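Here is the structure we will look at, set down as structure tokens.
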Amino acid sequence: MPAAGIFEGARALESDESVDRFLQRFADDESMRETVRAARAFVEGFEAADPAIASARAIADEWRSGVDLTSARPLGGYPPMLERLRNACAAAGVQTCLSTVVRRLSWRRGAVAVETESSWGESRTLHARAAVVTLPVGVLRHSGDETEVVFDPDLPAAKREALASIEMGHAVKVALWFRTAFWERLRDGRYRDSAFFRCEGLPFPTYWTQFPLRSELIVAWAGGPKAIAMSGASQSELIGRALSGFGALFGEHELAREEFEEGVMHDWGRDPFARGAYSYVAVGGGNARAALAMPVDGTLFFAGEATSNDGQGGTVNGALETGERAAREAATSIGATA
Ligand SMILES: Cc1cc2nc3c(=O)[nH]c(=O)nc-3n(C[C@H](O)[C@H](O)[C@H](O)COP(=O)(O)OP(=O)(O)OC[C@H]3O[C@@H](n4cnc5c(N)ncnc54)[C@H](O)[C@@H]3O)c2cc1C
1 MPAAGIFEGA RALESDESVD RFLQRFADDE SMRETVRAAR AFVEGFEAAD PAIASARAIA
61 DEWRSGVDLT SARPLGGYPP MLERLRNACA AAGVQTCLST VVRRLSWRRG AVAVETESSW
121 GESRTLHARA AVVTLPVGVL RHSGDETEVV FDPDLPAAKR EALASIEMGH AVKVALWFRT
181 AFWERLRDGR YRDSAFFRCE GLPFPTYWTQ FPLRSELIVA WAGGPKAIAM SGASQSELIG
241 RALSGFGALF GEHELAREEF EEGVMHDWGR DPFARGAYSY VAVGGGNARA ALAMPVDGTL
301 FFAGEATSND GQGGTVNGAL ETGERAAREA ATSIGATA
């Protein structure tokens with residue numbers, strides 16, 4: 001049975017269960033051992049989720065609705081796509097305020113005031129008939145210090161309940177840059193066409209090459225509990241761990257160190273504008289994504305990956321599609337065209 005298929009049974013459960021609890025059902029079945037291991041590794045690595053918290057039913061629904069498990073990447077990265085979106089917005093007369101933080105959103109039916117502060121200290125209040133909110137769940141859930149985005153009045157109870165059922169996953173990703181793609185030469189070129197290397201026992205269980213592109217770049221990846229376990233470590237510690245794990249994969253510590261040029265990482269968990277990697281649904285949170293996507297009073301509209309309800313949660317596709325959906329909803333509400 002493929003790993004994703006194991007969750008099919010979760011759809012028939014009387015009540016939702018955590019991924020951990022659901023997989024426990026197969027604990028005594030020796031023939032399922034490898035499938036269970038792969039399913040857990042996927043929930044942690046791909047969904048960046050904690051299996052003790054993640055909803056087995058939501059995983060079943062999302063994977064069934066056609067989640068793309070391939071590892072395609074846009075050639076040239078995301079900048080060309082962002083450039084295209086920016087040009088389309090500029091052509092439509094949209095003003096963009098970069099490096100500007102939203103502090104407070106005051107709203108009533110048909111009127112929104114957004115208080116902002118720029119990185120050069122300028123405060124501005126923007127007024128509109130409607131707002132599309134695309135803040136990450138980690139930011140929407142955060143409260144209690146000066147980085148909180150205050151909604152005045154607070155978001156309705158249904159929205160807050162939805163937010164309580166959607167967790168931010170954790171991922172640590174370290175890019176390692178080498179002088180040469182030395183792994184391609186090892187063992188008579190055995191690893192030349194490898195797209196990734198995996199070893200569960202390492203702090204970073206997955207290392208991605210850029211194959212089919214030839215590159216000296218390796219991306220070390222840890223998701224879920226493994227990523228949480230690394231929170232608090234410094235950037236140089238994490239780069240060191242990623243490098244030493246990559247050397248360990250081939251029994252080539254020295255060579256990896258000699259070839260290493262530079263490492264880069266970003267900690268999304270500690271980034272106040274993200275507060276996690278991307279979202280997943282917690283046990284019992286069946287319709288939380290749909291509830292989060294619902295407009296409020298024809299005035300606040302919600303987009304972003306966490307509001308995607310068709311298997312695209314946690315993805316760039318989900319962010320793009322829900323952005324278009326929310327823009328259409330807002331335009332309809334104020335009688336404009338999207
Ligand atoms: C390590 C990692 C790897 C990933 N890999 C993939 C992948 O391979 N494929 C894939 O499809 N997806 C991947 N994703 C997920 C993808 O990046 C997200 O799903 C997508 O970016 C979500 O878009 P969004 O617009 O919902 O949220 P975000 O991209 O988080 O955008 C929210 C924006 O709000 C801004 N913001 C936050 N607070 C404030 C504030 N107070 N005021 C003003 N602005 C604010 C943030 O700066 C940010 O620009 C990955 C994510 C991570 C972290």
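Under the working numbering, think of the first position of the sequence shown as 1, with each following residue one higher.
Glycine residues also receive a C-beta, built at the ideal position from the N, C-alpha and C atoms.
Keep in mind that this is a model prediction, so the values were computed, not measured.
Any non-hydrogen atom of ligand 1 within 7 angstroms of residue i CB
i	result
Gly-314	yes
Tyr-278	yes
Gly-318	yes
Phe-246	no
Val-139	yes
Gly-304	yes
Thr-134	yes
Lys-173	yes
Val-102	yes
Phe-273	yes
Trp-183	no
Ala-208	Inspection of the sequence shows that residue 208 is occupied by Trp rather than by Ala. Every heavy atom of ligand 1 is 7 angstroms or more from the Cβ of Trp-208, so no.
Val-149	yes
Trp-107	no
Trp-120	no
Trp-63	no
8 angstroms Cβ shell around residue i - same chain, five flanking residues per side excluded
i	result
Phe-211	Asp-193, Ser-194, Ala-195
His-266	Lys-173
Neighbourhood of residue i by C-beta distance below 6 angstroms, restricted to the same chain and skipping five residues each side
i	result
Ala-39	Ala-3, Ile-6
Val-137	Ile-166, Met-168, Ser-279, Ala-306
Gly-298	Ser-333
Residue-level contact to chain D via CB, residue i, 8 angstroms cutoff
i	result
Gln-235	This model lacks chain D altogether; it includes just one protein chain.
For residue i, the three-state DSSP class (helix, strand or coil)
i	result
Glu-261	strand
Met-230	coil
Trp-183	helix
Arg-198	strand
Thr-206	strand
Thr-307	helix
Val-43	helix
Phe-7	helix
Trp-107	strand
Neighbourhood of residue i by C-beta distance below 7 angstroms, restricted to the same chain and skipping five residues each side
i	result
Ala-288	Ala-162, Ser-165, Ile-166, Val-281
Glu-329	Pro-295, Phe-301
Three or more C-beta pairs below 8 angstroms linking the stretch 180-188 and the stretch 18-32: The stretch 180-188, when compared against the stretch 18-32, does not touch it at the 8 angstroms Cβ threshold.
Touching by the beta-carbon criterion (3+ pairs, under 8 angstroms), the stretch 283-296 and the stretch 197-204: The stretch 283-296 is not in contact with the stretch 197-204.
Contact between the stretch 39-57 and the stretch 218-233 (3+ Cβ pairs under 8 angstroms): By the Cβ criterion, the stretch 39-57 is in contact with the stretch 218-233, since at least three pairs of Cβ atoms, one from each stretch, lie closer than 8 angstroms.
3 or more residues per run - each beta strand (DSSP E) lying fully within the stretch 145-182: Correct list: 150-152, 166-168, 171-178.
At least three beta-carbon pairs within less than 8 angstroms, the stretch 249-268 to the stretch 156-166: No, the stretch 249-268 does not touch the stretch 156-166.
Segment contact flag, the stretch 262-280 with the stretch 122-132, C-beta cutoff 8 angstroms, min 3 pairs: Contact between the stretch 262-280 and the stretch 122-132 is absent, because fewer than three Cβ pairs lie under 8 angstroms.
Three-pair Cβ contact test at 8 angstroms for the stretch 144-156 versus the stretch 98-107: Touching, yes, given that three or more Cβ pairs across the two stretches are closer than 8 angstroms.
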